[in-house]
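Asker: Mind looking over this structure? Questions follow.
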Amino acid sequence: MAPREPETITKKELVNRIADSTRQTKVVVKDILQRFLDEIVTELAAGNRLEFREFGVFEVKDRAARRAQNPRTLQKVQVPAKRVVKFKVGRIMRERIDDALEPTPSPTRVAPVQPAATKPPPPTPPTPKPPPSNSPF
């Protein structure tokens with residue numbers, strides 16, 4: 372069985388789900404979600420670290436300048452230093468993701484399943500015969 376293709380969940384879909392589960396209007400939920408995302412961006416742009424316990428940590432890291440090579444032209448290029456956002460997964464998210472994995476056995480490593488030995492069913496007891504009737508019918 373091939374692994375299922377991951378679904379892309381959009382902000383609109385999240386707004387719909389949250390609005391349905393909280394009985395808030397989509398307009399209110401969309402505004403709150405957008406403000407939340409804006410705050411994350413603002414704090415990261417300021418170089419701050421955001422920690423959501425059990426969920427994860429967002430932080431900005433500095434990536435040093437380096438030399439790289441264009442694989443097509445083999446030309447050496449200088450890649451400038453930059454700041455990047457890193458996310459470290461928290462315990463609850465990691466556990467939920469690990470629990471969601473369904474191990475798929477590799478066909479080359481799994482021995483064929485042998486049918487279990489079955490015993491014949493126990494004999495059914497004979498049904499008692501009704502006593503003889505004195506009726507002519």
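Residues 372 to 508, numbered by the working numbering, are exactly what the sequence shown covers, in order.
By construction, the Cβ of each residue, glycine as well, lies at the ideal position given by its N, Cα and C atoms.
Let me make sure I understand the geometry here. Which of ILE411, GLU425 and GLN449 has the alpha-carbon closest to that of ILE468?
Answerer: The option with the nearest alpha carbon to ILE468 is GLU425.
Asker: How many angstroms separate the CA atom of LYS397 from the CA atom of ALA471?
Answerer: Computed Cα separation, rounded: 29 angstroms.
Asker: Just to confirm before moving on: does the CB-CB distance between LYS447 and ALA439 stay below 9 angstroms?
Answerer: Contact: yes.
Asker: Can you tell me whether THR479 is helix, strand or coil according to DSSP?
Answerer: Here THR479 scores only 46 on pLDDT, less than 50, and its place in the model is too uncertain to base an answer on.
Asker: Label VAL400 either buried or exposed according to how many other C-beta atoms from any shown protein chain fall within 10 Å of its C-beta, with 16 as the threshold for buried.
Answerer: VAL400 comes out buried.
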